[in-house]
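Below is one structure, written out as C-alpha cells; the observations come after it.
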Amino acid sequence: MTFPIVRHRRLRQTAAIRSLVRETVLTVDDLIQPIFVTYGTGVKNEITSMPGIYNLSLDMLEAEVKEIVDLGIKAVLLFGIPETKDSVGSSAFAEDGIVQEATRRIKAMYPDLLVVADTCLCEFTDHGHCGMVHTFERDGHIHGEVLNDESLELLVKTAVSQAKAGADIIAPSNMMDGFVQAIRAGLDEAGFQNVPIMSYSVKYSSAFYGPFRDAADSAPQFGDRKAYQMDSANVREALREAETDVLEGADMLMVKPALAYMDVIRIIKDQFDLPLVAYNVSGEYSMVKAAAMQGWIDEKAIVMEMLTGMKRAGADIIITYFSKDVARWLKESK
Ligand code: PBG
Numbered sequence: 012m013t014f015p016i017v018r019h020r021r022l023r024q025t026a027a028i029r030s031l032v033r034e035t036v037l038t039v040d041d042l043i044q045p046i047f048v049t050y051g052t053g054v055k056n057e058i059t060s061m062p063g064i065y066n067l068s069l070d071m072l073e074a075e076v077k078e079i080v081d082l083g084i085k086a087v088l089l090f091g092i093p094e095t096k097d098s099v100g101s102s103a104f105a106e107d108g109i110v111q112e113a114t115r116r117i118k119a120m121y122p123d124l125l126v127v128a129d130t131c132l133c134e135f136t137d138h139g140h141c142g143m144v145h146t147f148e149r150d151g152h153i154h155g156e157v158l159n160d161e162s163l164e165l166l167v168k169t170a171v172s173q174a175k176a177g178a179d180i181i182a183p184s185n186m187m188d189g190f191v192q193a194i195r196a197g198l199d200e201a202g203f204q205n206v207p208i209m210s211y212s213v214k215y216s217s218a219f220y221g222p223f224r225d226a227a228d229s230a231p232q233f234g235d236r237k238a239y240q241m242d243s244a245n246v247r248e249a250l251r252e253a254e255t256d257v258l259e260g261a262d263m264l265m266v267k268p269a270l271a272y273m274d275v276i277r278i279i280k281d282q283f284d285l286p287l288v289a290y291n292v293s294g295e296y297s298m299v300k301a302a303a304m305q306g307w308i309d310e311k312a313i314v315m316e317m318l319t320g321m322k323r324a325g326a327d328i329i330i331t332y333f334s335k336d337v338a339r340w341l342k343e344s345k
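Sequence positions in the sequence shown follow my numbering and run 12 to 345.
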C-alpha cells in the first residue's frame with residue numbers, strides 16, 4: 012500500500028482545477044456601496060479615518076454614482092449628514108432632507124441603480140442617539156433614555172419619506188423594538204407595499220463603528236448605545252432578534268459588524284431562509300486601509316479573503332466600503 016492514501020493536493024494543482032472545485036465565489040452582484048451625502052456645494056471631503064471614502068455634497072454625487080454604475084455595482088446605501096440637527100432628528104424625515112434629495116437625484120440619473128436608505132435618527136439628532144431621548148439629571152450627571160415607542164413614530168415617518176423620494180429598499184438600523192412591524196405598516200399605509208425592508212436585525216454595539224461616527228458626525232453626546240444595540244457576547248439573542256424581524260415582515264436580515272461575528276452569520280443563515288446581508292463596517296475598512304498604507308499587508312488579497320470569508324460564512328449580500336475596489340479587481344481579473 013502506498014502512503015498517503017488520500018491526496019487532497021490533486022485538486023489544488025493548477026489554477027484551472029482550483030477554480031473548478033471552488034465552493035464560494037464573490038461577484039459584483041453581491042455588493043452594496045455606502046455613500047455619505049452632505050450639505051453645501053462642491054464638497055468632496057475625504058473622511059480622515061476612511062481613506063478613499065468621502066462626504067459628498069449633492070452636486071458632487073453624479074461623478075461618484077456614475078463610477079459605481081460603470082463598475083457594475085447594483086446598489087448603494089445612503090447616509091446623510093444634515094445641515095441642522097435637533098432633538099428629534101427632524102431632517103431625517105423632512106421632504107427636502109439630504110437623503111431624500113440625494114435619492115431623487117440618483118434615481119433621476121440612474122433609475123436602475125438600487126437606492127437603499129438607512130433608516131435611523133443618529134445622524135440627524137443633536138444628541139447623536141438613534142431615537143428620541145428623555146434626559147434627566149441624577150447625582151450631578153446627565154442621563155438619557157432612548158424612548159422606544161415614541162421613536163418608532165419618527166422612524167416610520169423617516170422610512171415613508173425615503174420611499175416617497177424613490178428609495179428602492181428601506182434599511183432600518185435603529186434597533187428599537189418593533190421597528191420592522193411599525194415601518195412595514197407605515198409603508199403599506201402610504202402605498203409602498205412593494206418596498207422591501209432590509210432589517211439590521213442583528214446589530215451589535217460595536218467599537219468597529221468608530222470611523223463611521225466620524226464620517227457621519229453621529230457619536231452619542233452622552234452615554235453609549237448599549238441599551239439598544241446588542242451585547243457582542245451574545246449569539247442566542249441574535250436568533251431572537253432575527254426571529255422577531257421575520258415575524259414582523261422583514262424581507263432581508265442583516266448581521267453587523269461582519270468580521271468578528273462570522274459565527275453569527277453562519278447560525279442566522281442556517282436558521283432562517285431570508286436573504287442574509289453582512290455589513291463589513293467602517294472600522295473593518297479602516298484597519299485594512301491603515302495596514303495597507305504602511306505596506307504591511309497586500310490590500311487586495313486581504314480584502315478578497317475577508318469578503319469571500321463572509322460569503323462562505325453565509326452572507327448572500329455584503330455592504331462594504333471596498334465595493335468599488337472589489338468591482339474593479341474582479342473586472343481586471345476577467
Ligand atoms: C446608524 C448606523 C451606524 C452604522 C450604520 N448605520 C452607526 C451606529 O450605529 O453607530 C455603522 C456603519 C459603519 O460603521 O460602517 N445607526
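The beta-carbon is built from N, C-alpha and C at its ideal position, and this holds for glycine as well.
What you are looking at is a predicted structure, and each value in this text was computed from that prediction instead of being measured.
Within 7 angstroms of the C-beta of residue 294 there is at least one heavy atom belonging to the ligand PBG. Short note on residue 220: C-beta closer than 7 angstroms to some heavy atom of the ligand PBG. Between the ligand PBG and the CB of residue 159, the shortest heavy atom gap is not smaller than 7 angstroms.
Here the segment 301–308 does not lie against the segment 238–253, with fewer than 3 beta-carbon pairs under 8 angstroms apart.
For residue 86, there is no enclosing alpha helix (DSSP H); the residue is found in the beta strand (DSSP E) stretching over 86–92. Listed in chain order, the non-local C-beta contacts of residue 116 below 7 angstroms within the same chain comprise 69, 72, local neighbours out to five positions each way being set aside.
With contacts defined as CB atoms closer than 8 angstroms, residue 191 and residue 259 qualify as a contacting pair.
Taking one beta carbon from each stretch, the segment 306–319 and the segment 18–25 have fewer than 3 pairs nearer than 8 angstroms; the two do not touch. Counting C-beta pairs closer than 8 angstroms gives fewer than three between the segment 79–95 and the segment 54–64, which falls short of the contact rule. By the CB criterion at 8 angstroms, residue 118 and residue 127 fall outside the cutoff. The alpha-carbon separation between residue 88 and residue 17 amounts to approximately 47 angstroms.
In this chain, residue 345 is not harboured by any alpha helix (DSSP H), its DSSP state being neither H nor E.
By DSSP's assignment, residue 47 forms a beta bridge with 66, 90.
Its Cα nearest to that of residue 160, the residue 142 stands out among 142, 171, 147, 150.
For residue 193, the CB contacts under 6 angstroms within the same chain, skipping 5 residues up- and downstream, are 163, 167 in chain order.
Between residue 114 and residue 178, the C-beta gap is smaller than 8 angstroms, which places the two residues in contact. Note that the segment 197–212 does not touch the segment 44–55; fewer than 3 beta-carbon pairs, one per stretch, sit closer than 8 angstroms.
For residue 19, the secondary structure class from DSSP, reduced to helix, strand or coil, is helix. In this structure, residue 165 lies away from residue 181, with their beta-carbon atoms at least 8 angstroms apart. Residue burial is scored here from C-beta neighbours: residue 244 has fewer than 16 other C-beta atoms within 10 angstroms and is therefore classed as exposed. A contact is defined here as three or more CB-CB pairs under 8 angstroms, and the segment 260–273 meets this definition with respect to the segment 317–327.
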